[in-house]
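Below you'll find the structure, written out as C-alpha cells, and then a few comments.
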Amino acid sequence: MMRSADDVLLLIDLQYDFMPGGALAVARGDEVVPVANRLAQGFAHVVLTQDWHPAAHVSFAANHAGRKPFETVALPYGEQVLWPTHCVQGTQGAALHRDLDVPHARAVIRKGHHAEVDSYSAFLEADRTTPTGLAGYLREMGAKRVYCCGLATDYCVAWSALDARAAGFETVLIEDASRAIDLNGSLAAAWAQLQAAGVTRAQSTDVLRGAL
Ligand code: VGL
Ligand code: ZN
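Okay, here's the thing in C-alpha cells:
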C-alpha cells in the first residue's frame, strides 16, 4: 500500500555509531533497519536524518576536562548530557547503515553541526530556537502527518516527534521501528511527554496495513 502524499516517514539517525559496536551503541539498534526498509516501501515521501557533529562538539565528554560520558553539564541553553565522541562529520561512524535501502529518500537533514549547540531534534536545535529548516521544507511539500522512528527512541526520535507536533503536524512514533538508550529513566519520561503532547504511539504492523 502506498500512503497519501501528505504522509512523511522520518527515519532518524540510522548510523553506525548508534548500532551495536558503535561509539554510542543503542542496544539492538540494528534490528530497526529492516523494519525501516519495510515501512519506507509504503511511503512516497521519506526523509532521513544524520547526527553530524564537528570533532570539537560541546556534547562530547572528551571536550570537557575531567568529565566522563553520561555525566551532565550546565550549558547556556540548559542541561546537556555528555556523550562519547560519536557521529563526527565524514567518519564511518556517522555513515548511514549499509543495509538501509531507501533509494527514494528525498532529503537528508544533518543536525548537531554547530559546535556549541547539540541537536537531538530534527527540527530545532537544543537552544530551542535555531531551526534546521525541516519544518519549512515539510510545509512547503504539503506534509500533514509525520511518522517518526529510528534511534534513539528517548532522545532524537522523541525530541523530533515532539517538535513535529509543536510545528503543527499530526505525529506518530513507531515504537518497534525504534530502540532506546534509556539513561536514568529517560524512556519512561519521553513516553509521558509524547503522550501529553498528543503524539500517537504505533507499531509498524499497524502503519504497514494502513490502520494508522
Ligand atoms: C542521539 C545522543 C546524542 C540520538 C544523538 O540519535 O538519539 N543521542 N546524539
Ligand atoms: Zn549526537
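Numbering (the numbering used here), first residue to last: 100 to 311.
Don't be surprised by glycine CBs; every beta carbon is placed ideally from N, CA and C.
*Is Ser158 near the ligand VGL, going by C-beta to nearest heavy atom under 7 Å?*
yes
_Please tell me whether, using a cut-off of 7 Å, the distance from the CB of Tyr176 to the nearest non-hydrogen atom of the ligand VGL is below it._
no
*Using CA coordinates, which residue listed in Trp258, Ala266, His213 and Glu224 is at the minimum distance from Glu239?*
Ala266
*So, Val201 versus Leu109, is the Cβ gap smaller than 8 Å?*
Contact: no.
*Top-ranked residue by Cα proximity to Phe268, from Val131, Asp281 and Ala296*: Ala296
_beta strand (DSSP E) runs contained entirely in the region 226-250, provided each spans 3 or more residues_ = 244-250
_Following a CB-centred definition, is Val123 positioned closer than 7 Å to any heavy atom of the ligand VGL?_
A small fix is needed here, since residue 123 is Leu in this sequence, not Val. Leu123 Cβ: within cutoff of the ligand VGL.
*Would you check if the region 139-156 and the region 275-295 touch, i.e. whether three or more CB-CB distances between them fall below 8 Å?*
no
*Between the Cα of Gln179 and those of His163, Gln188 and Val131, spot the shortest distance and give me the residue it belongs to.*
Gln179 has its Cα closest to that of His163, out of His163, Gln188 and Val131.
*Pull up the CB-CB distance for Ala257 and Leu282, whole angstroms please, since I reckon it's below 8 Å.*
About 12 Å separates the two Cβ atoms, so there is no contact after all.
*Label Val145 either buried or exposed according to how many other C-beta atoms from any shown protein chain fall within 10 Å of its C-beta, with 16 as the threshold for buried.*
buried
*Return yes when at least one heavy atom of the ligand VGL lies under 7 Å from the C-beta of Phe117, else no.*
Phe117 Cβ: within cutoff of the ligand VGL.
*Grab the span of the alpha helix (DSSP H) containing Arg264 for me, first residue to last.*
Ala257 to Ala265
*Should Ile273 and Leu138 be called a contact, given that it needs their Cβ atoms to be closer than 8 Å?*
The criterion of a C-beta distance shorter than 8 Å is satisfied by Ile273 and Leu138.
*What did DSSP end up calling Trp290 once you bin it into helix, strand or coil?*
helix
*asked:* Between Glu224, Tyr236 and Thr228, which has its C-alpha nearest Tyr254's C-alpha?
replied: Glu224
*Where the beta strand (DSSP E) through Asp150 begins and ends*: His144 to Asp150
*Drop a sphere of 10 angstroms on the beta-carbon of Ala242, count the other beta-carbons inside from all chains shown, and report buried for 16 or more, exposed for fewer.*
buried
*Per-residue DSSP class, three states only, for Val172*: strand
*Can you give the Cα-Cα distance for Leu123 and Val306, rounded to whole angstroms?*
29 Å
*Quick one: give me the first and last residue of the beta strand (DSSP E) that Ser277 is part of.*
Glu269 to Arg278
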